[in-house]
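K.L.:
Supplied in structure tokens, the structure appears directly below.
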Amino acid sequence: DVRYCLIEMIGNQRKAEADFISWLNANGCMLENVAWPSFSSAGTGMDNESERGVIALKSVPKYGVIFSLPFELIITVEAALKSSSIIGSIFNDENIRKRFPSFVQNESRILTVFLVCHR
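Here the sequence shown stands for residues 3 to 121, numbered as in the numbering used here.
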């Protein structure tokens, strides 16, 4: 039944988000005095479940930090190209660079291929 599938899908999404936040915390990310992701902080229409936001749990001073992410957790083009995976091999291969220059020089495409291969 469609309703059961939707409930299961939302439950799986929430578990994946909880796992992601646990991973962030374990790797030095700082989420201070905020609830994230929050599904009740954004949206006014019928589709609130698909919109996310952040809720401040305390008053945040002007220019106050509520989120910090260690640089090591950020996926960069350089990191993708240096990876031991096939990504670096593809985008650093001279034959491919000559045949598809506009593709291999596009940073968005490099990161997209990297993320798809590491999913």
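Ideal Cβ positions, reconstructed from N, Cα and C, are used throughout, including at glycine.
Report yes or no: do the region 32-42 and the region 53-68 share at least 3 C-beta pairs separated by less than 8 Å?
P.N.:
Touching, yes, given that three or more Cβ pairs across the two stretches are closer than 8 Å.
K.L.:
Could you tell me the alpha carbon to alpha carbon distance between Asn50 and Leu117, rounded to whole angstroms?
P.N.:
Any reading at Asn50 must be qualified, since the residue scores a pLDDT of 48, below 50, and its modelled position is unreliable; the value itself is stated next. About 27 Å.
K.L.:
What residues in its chain sit with their C-beta under 7 Å from that of Leu113, if we drop five residues either side in the sequence?
P.N.:
Counting only Cβ-Cβ distances below 7 Å, and skipping sequence neighbours, we find Ile77, Val79, Ala82.
K.L.:
Among Leu71, Arg16, Gly66, Lys64, which one has its Cα closest to the Cα of Ala28?
P.N.:
It is Leu71 whose Cα lies nearest to the Cα of Ala28.
K.L.:
Does the Cβ of Ile89 have 16 or more other Cβ atoms within 10 Å, making it buried, or fewer, making it exposed?
P.N.:
Classification for Ile89: buried.
K.L.:
DSSP state of Ile68, grouped into three classes?
P.N.:
In the structure shown, Ile68 sits in coil (DSSP, three-state: anything other than H, G, I, E or B).
K.L.:
Give the DSSP-derived three-state secondary structure of Leu59 in the structure shown.
P.N.:
In the three-state reduction of the DSSP assignment, Leu59 falls in the coil class.
K.L.:
Opposite Val36 in the DSSP bridges: which residues?
P.N.:
Ala58
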